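*Asks:* Sending over a structure as structure tokens; questions will come in a sec.
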Amino acid sequence: MSKENSKTIEVYEKTAHLYLSNSDEHDRINPARAKQKSEKLQELIRTSFSSLPKSAKIFEIGSGNGINAKFIESLGFDVTASDTASAFIKATQNTGVKTIRFDALKDNFPEKYYGIFCWRVFVHFTKDDALTIMQKVYDALEDNGIFIFNAINRETRPVDDEWVDFDNEYKMGEERFYSYFKQSDLDDMISQTKFKIKDFHKEGGDNNNKWLVYVLEK
3 MSKENSKTIE
13 VYEKTAHLYL
23 SNSDEHDRIN
33 PARAKQKSEK
43 LQELIRTSFS
53 SLPKSAKIFE
63 IGSGNGINAK
73 FIESLGFDVT
83 ASDTASAFIK
93 ATQNTGVKTI
103 RFDALKDNFP
113 EKYYGIFCWR
123 VFVHFTKDDA
133 LTIMQKVYDA
143 LEDNGIFIFN
153 AINRETRPVD
163 DEWVDFDNEY
173 KMGEERFYSY
183 FKQSDLDDMI
193 SQTKFKIKDF
203 HKEGGDNNNK
213 WLVYVLEK
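Quick note on this note's numbering: the sequence shown kicks off at 3 and runs consecutively.
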């Protein structure tokens, strides 16, 4: 586990409640846009997990407010949500989804899963962390299991990584570690596992290329 990720987890333990409240406030500024983004993500989840058996076990890394975990559960899957910060864990538990405290870099997955979902979490992983996570996820998936994740595109940023606190809804009073990935970097990591790239696209930002979105299959 990198010192960057460890320190960032400490920051979230103190400030996750601010992240939750600020995000809610931001969504209220433009509810139509927030709804559109939510529906787009839900369609990705629905389509990507459509090949999985009914009631298949799905694990989410970094559940935050629990909204995505709750949606996955609504599709008929057996969902386990997770996070490292107490405020996030409580928020997800309040949705009624089974939730555990889980550090993907330090902890072993409790069991095997047909799907693993990891949204806006790679932003806090170093390159070495990211490869470690991919390898652990691969081992935790059943055959033909699906891994969905995204990462911020390095091509939209002037640096590879940075410590930053933002002025928008993610402002929490303390800097966190943010890491940005080139598509070629992630493709190389994936090639070091046995994952197959089932789907890839870019989305978000002014040029629709802020996020690199991957759907991998074991």
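Just so you know, even glycine gets a beta-carbon here, dropped at the ideal spot from N, CA and C.
Note that the coordinates shown come from a computational prediction; the quantities given were computed from them, not determined experimentally.
Quick check on F73: does DSSP put it in helix, strand or coil?
*Replies:* Three-state DSSP puts F73 in a helix.
*Asks:* Could you please give me the residues that DSSP links to S53 through a beta bridge?
*Replies:* S53 pairs with nothing; no bridge assigned.
*Asks:* Can you tell me whether L20 sits near the ligand FMN, meaning its C-beta is under 7 Å from at least one heavy atom of the ligand?
*Replies:* Only the bare structure without any ligand can be found here, which leaves the ligand FMN out of the picture.
*Asks:* Given K108, which residues of its chain have a CB within under 6 Å of its CB, disregarding the five upstream and five downstream residues?
*Replies:* The answer, listed in chain order, is M3.
*Asks:* Could you say which of N152, Y116, Y182, T86 lies nearest to A106 if we only look at CA atoms?
*Replies:* Per the Cα distances, T86.
*Asks:* Applying the 10 Å Cβ sphere with the 16-neighbour rule, what's the burial state of A34?
*Replies:* Under this definition A34 is an exposed residue.
*Asks:* Which residue from Y115, L22, V217, K39 puts its Cα closest to that of I60?
*Replies:* Residue Y115 is the option with its Cα nearest to I60.
*Asks:* Taking Cβ positions, are T101 and S84 nearer each other than 8 Å?
*Replies:* Cβ distance < 8 Å, so T101 and S84 count as in contact.
*Asks:* My output table needs one value for A83: the three-state DSSP class, helix, strand or coil.
*Replies:* Strand.
*Asks:* Helix or strand or just coil, what does DSSP make of T101?
*Replies:* T101: strand per DSSP, three-state reduction.
*Asks:* For R156, I'd like the list of residues in its chain whose CB is within less than 8 Å of its CB, leaving aside the five on either flank, ordered along the chain.
*Replies:* Once the five neighbours on either side are set aside, the close Cβ partners of R156 are D162, Y182, F183, K184, D187.
*Asks:* In its own chain, which residues sit with a C-beta less than 6 Å from the C-beta of R178, not counting the 5 before and 5 after it?
*Replies:* For R178, where only same-chain residues beyond five positions count, the Cβ hits under 6 Å are T10, V13.
*Asks:* Return the CA-CA distance between K200 and V217, expressed in angstroms with no decimal places.
*Replies:* The straight-line gap from Cα to Cα measures roughly 5 Å.
*Asks:* I'd like to know if the stretch 35 to 43 and the stretch 51 to 60 are in contact, where contact means that at least 3 CB-CB pairs between them fall below 8 Å.
*Replies:* Taking 8 Å as the limit for Cβ pairs, the verdict is that the stretch 51 to 60 does not touch the stretch 35 to 43.
*Asks:* Where do the ends of the alpha helix (DSSP H) carrying I91 lie?
*Replies:* Looking at the DSSP string, the run of the alpha helix (DSSP H) that includes I91 is 88 to 95.
*Asks:* For E15, which of helix, strand or coil comes out of DSSP?
*Replies:* Helix, per DSSP.
*Asks:* Report the residue from T158, I63, D190 whose alpha carbon sits nearest the alpha carbon of N209.
*Replies:* Of the candidates T158, I63, D190, the one whose C-alpha sits nearest the C-alpha of N209 is T158.
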